[in-house]
Amino acid sequence: KFQVLEFQDHRNHNPNINMSSTESKLTDEQFFATGVLDTNLEGLKKVYKGKVRDVYEIDEKTFLFVVTDRISSYDRVMKTPVPGKGKILNQISEFWFNYLEGKTGVKNHMITTDIDQMPKEVQVHKKLLNGRAMLVKKLKMIPIEAICRAYLTGSGFKDYKKTGSVCGHALPSGIENCQKLPNILFTPSTKADVGEHDENITENQAEDLMKKNGFDFKNMKESALKLFTEAILYAEARGIILADTKFEMGIFDGVLFIGDEVLTPDSSRYWDQKKYVVGQNQDSLDKQYVRDYLTSIKFDRNGPGVPLPRNVCEKTMEKYISIFKILTGKDPVL
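When we follow the working numbering, the leftmost residue of the sequence shown carries the number 183, and every step to the right adds one.
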């Protein structure tokens, strides 16, 4: 019902259209039908379906990433799309890839997001792909998520409450939920398959796993912390707290690259400095709104994803658009 491929959506061609007024006139079925839950691009070889991204092989060194409107929480993909979300993720990744490479020198896998610069077999799908596709270098991915934390919340806070530490980092007693940490922590996790849960591990465990697979742990950790530190400074100057994030990295021609997405509201926690209060959950500009909804309905984290109500999807998009505009200083192309 919600699987839409070549949908009719005139917002693709007019980024200035008022989305809220347009969407308010739609029935729920029409609203969800504007989202892209899955893709099947004729003439292209689909090689992977992630929680959010569909991956197509272009040649031996190049992938096409298509960012759908799927949303996952607690490692489960929900059954309804958040229409337009994939475009926000793609465009905010493009912004951060460009900014961070210029600031840190750490390379990333992005080749282009301009459909007209992509191969002809991709261009024929421009109507669907515009704003939500990225041509990327094919990396040998590191099987570890490089998670950086400046504030303690989420699974890290839960681990701390149980053990007094996070991923092997012993912390002082008395740290409250969402409190700023004395120092930025690097807290790696395993990268689980779709439908499985990631697992927090220690740096030693991550280093051992990476060595077995021929990867340099020190380089990944140092690069992740460098990227995170630059992003924190940029966000702070715009009134935003970047509490934590995860980077996914890989190797291309022997060099470390950032892959997947970077510093999106799917992979990061963004808080408004003016509303920040230590000791409680924050009014986040990210997908925390979805997590909170799922908690309110006592969502079974070991079960399948569930449909999200329209108002939850609309509120989530409001938050994603808000953080995009604050960080980039412009409107997204939707």
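Built from N, CA and C at the ideal position, the CB exists for glycine as well.
Rounded to the nearest angstrom, the gap between the Cα atoms of D380 and K373 is 6 Å. Looking only at F397, L490, P514, V515, the smallest Cα-Cα distance to S255 is reached by L490. A distance below 6 Å between beta-carbons, with the five flanking residues on each side excluded, links T295 to the following residues of its chain, in chain order: E276, M316.
Counting only the Cα atoms, T384 lies some 13 Å from Y342. Taking every protein chain shown into account, the CB of I479 has fewer than 16 other CB atoms within 10 angstroms, so this residue is exposed. Non-local C-beta neighbours of K507 in its own chain, meaning closer than 8 Å and more than five positions away in sequence, comprise D513, P514, ordered along the chain. Non-local beta-carbon contacts of K320 in its own chain, meaning distances under 7 Å to residues more than five positions away in sequence, involve K243, T244, F245 in chain order. By the Cβ test, the segment 432-452 is not in contact with the segment 210-223, since fewer than three Cβ pairs between them sit closer than 8 Å. Nearest to T427 by C-alpha distance, out of E224, P325, N395, K469, is K469.
Look at S255 here: in three-state DSSP terms it is strand. For V229, the CB contacts under 7 Å within the same chain, skipping 5 residues up- and downstream, are V237, Y238, E239 in chain order. By the criterion of at least three beta-carbon pairs nearer than 8 Å, the segment 273-291 is not in contact with the segment 325-339.
Taking C-beta atoms as the reference points, Y458 and K497 fail to come closer than 7 Å.
Here the C-alpha atom of G396 lies approximately 11 Å from the C-alpha atom of P325. The Cβ atoms of A328 and A413 lie no closer than 7 Å to each other. Per DSSP, G485 lies in no alpha helix (DSSP H) segment and is marked neither H nor E.
The three-state reading of DSSP puts C349 in coil, since its state is none of H, G, I, E or B. DSSP places V249 inside the beta strand (DSSP E), whose first and last residues are 244-249. Under the three-state reduction of DSSP output, M402 falls in the helix class. Between the alpha carbons of D251 and V234 lies a gap of roughly 7 Å. A straight-line Cα-Cα distance of about 50 Å links N359 and K302. Of the residues assessed, D448 falls on the buried side of the cut-off, its CB having 16 or more other CB atoms within 10 angstroms.
One thing to note: T262 has its Cβ no nearer than 7 Å to the Cβ of F213.
DSSP places R492 in the uninterrupted alpha helix (DSSP H) bounded by 492-510.
In terms of Cβ geometry, N280 and F439 do not form a close pair [threshold 7 Å].
Counting the other CB atoms within 10 Å of its CB gives T369 a total of 16 or more, which places it among the buried residues. F429 is the residue among F429, R258, G461, G485 whose C-alpha sits nearest the C-alpha of V288.
Across the structure, T286 and A417 are spaced so that their CA atoms are roughly 16 Å apart.
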